[in-house]
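Heads up, the thing below is written out as structure tokens.
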Amino acid sequence: MYSPWRLAAGLTLWALGTLWWMPASAAQLVRIGAAHFPPYTVRPEQGADTGLLPQLVDALNASQTDYQFVLVPTSIPRRFRDFEQGRVDMAIFENPDWGWQEIAHTSVDMGLEDAEVFVALRKPERDQGYFADLAGKRLAVFSGYHYAFANFNPDPKYVATHFNATLTYSHDSNLLMVARGRADIALVTRSYLSDFMVRNADMAGQLMVSQRIDQVYHHYALLRPKAPISGVAFAELLKRLRDSGEMLKIFEPYRIDVMAVP
């Protein structure tokens, strides 16, 4: 038999149940573009969850409940288009010199610095002067990357045409080419080289690392204009991780400098 009291009680229980699950569902979803950029992101298109970006996302999600950060696989050449089309809300570990000037965005200083260095085979007659002039030297570089020596032009055809360069999709391959005499100089991030040396300790004595730096990576996060999180809010979340020591825990093992942000 129909009962107004029973209906009211049912609605009350439904409301209580709704309140129980609302906090989890109310979190704003923030999609971060994940392009293969080791050691920051490693083969995200294959579902891999290794790299520094997944660690950072885990730390961001564990530190608060207002936002749920997720990774969306993209690629180095496609990431600009995905950002502009709204497929991702945020690009991360980016640099102002890498072609973002004309794209609408808000930038957030992440307080992280890495560097691109030159690596050659160690020989008795070689010193740091070997890196001063790249002319006539066979280079091994990562396809699609923005290099200062190439005027930050990431077009593989441009790099191959204007420099004696072999382009690959593997830092390991480039360093092994140098070790085997198939290339004279490889360019690699300091963070990746640090990890490579740990994994290949027997090769450390064979390689000479430049004091010359091709470029300093001062990392920024770039947010699209309609992103569900503001630049101010994201900067505050990063500050929490810096203050707690979590940023240092993630990035210091890879020789990535964690810096104070004004």
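In my numbering, the protein residues as written are 22 to 283. Beta carbons: idealized from backbone N, C-alpha and C, even for Gly.
Cβ shell of residue i (< 6 Å), same chain only, five flanking positions each side left out
i, result
"Ala36", "Its pLDDT being 41, under 50, Ala36 is placed unreliably in this model, and the value from its coordinates should be taken loosely. So the list is empty, once near-sequence residues are dropped."
"Ser215", "Tyr275, Arg276"
"Ile250", "Val51, Tyr88"
"Asp136", "For the sequence presented, residue 136 should be read as Ala rather than Asp. The answer, listed in chain order, is Arg211, Ile234, Val237."
"His240", "Phe114, Met131, Leu133"
"Ala80", "Leu262, Glu267"
"Ser194", "none"
"His192", "Val209, Tyr213"
"Gln49", "Tyr88, Pro249"
"Ala171", "Val180"
"Gln149", "Gln232"
Beta carbon proximity, residue i to chain B, threshold 9 Å
i, result
"His192", "Of the protein chains in the structure, only one exists, and it is not chain B."
Residues that DSSP places opposite residue i in a beta bridge
i, result
"Phe58", "Thr62"
"Ile206", "Ala141, Leu160"
"Phe90", "Val51"
"His167", "Answer by DSSP bridge pairing: none, since His167 is not bridged."
"Glu115", "Tyr241"
"Leu188", "Val162"
"Asp130", "Tyr241"
Buried or exposed by the 16-neighbour rule on C-beta atoms within 10 Å, applied to residue i
i, result
"Ala141", "buried"
"Arg203", "exposed"
"Ile206", "buried"
"His126", "buried"
"Tyr190", "exposed"
"Pro65", "buried"
"Ile124", "exposed"
"Thr86", "exposed"
"Val253", "exposed"
"Ala281", "exposed"
"Ala186", "buried"
"Val138", "buried"
"Arg245", "buried"
Residues near residue i by beta carbon distance below 8 Å, same chain, minus five either side
i, result
"Val93", "Arg52, Ile53, Gly54, Ala55, Asp103, Arg108, Val109"
"Arg143", "Gly226, Gln227, Leu228, Met229"
"Glu273", "Val279"
"Arg100", "Gly54, Ala56, Val109, Ala112"
"Ser265", "Ser84"
"Leu155", "Phe170, Phe184, Ile206"
Residues near residue i by beta carbon distance below 7 Å, same chain, minus five either side
i, result
"Thr62", "Ala55, Ala56, Gly72, Leu74"
"Gly165", "Ile97, Pro98, Pro175, Pro177"
"Val78", "Ile53, Phe90, Leu92"
Distance between beta carbons of residue j and residue i, contact taken as under 8 Å
i, j, result
"Ser231", "Phe173", "The Cβ separation is near 19 Å, so there is no contact."
"His183", "Trp119", "Wrong, their Cβ atoms sit about 18 Å apart, outside the cutoff."
"Ala47", "Val129", "Not a contact, Cβ separation roughly 23 Å."
"Ile271", "Gln76", "5 Å"
Residue i: CB within 8 Å of a non-hydrogen atom of the ligand GTP
i, result
"Lys144", "Inclusion of the ligand GTP in the displayed structure is not the case, the ligand content being empty and no account of it being possible."
Assess contact between the stretch 169 to 186 and the stretch 249 to 257, defined as three or more Cβ pairs (one per stretch) separated by less than 8 Å. Is contact present?
no
Three Cβ pairs or more, each shorter than 8 Å: is that satisfied between the stretch 154 to 166 and the stretch 193 to 204?
yes
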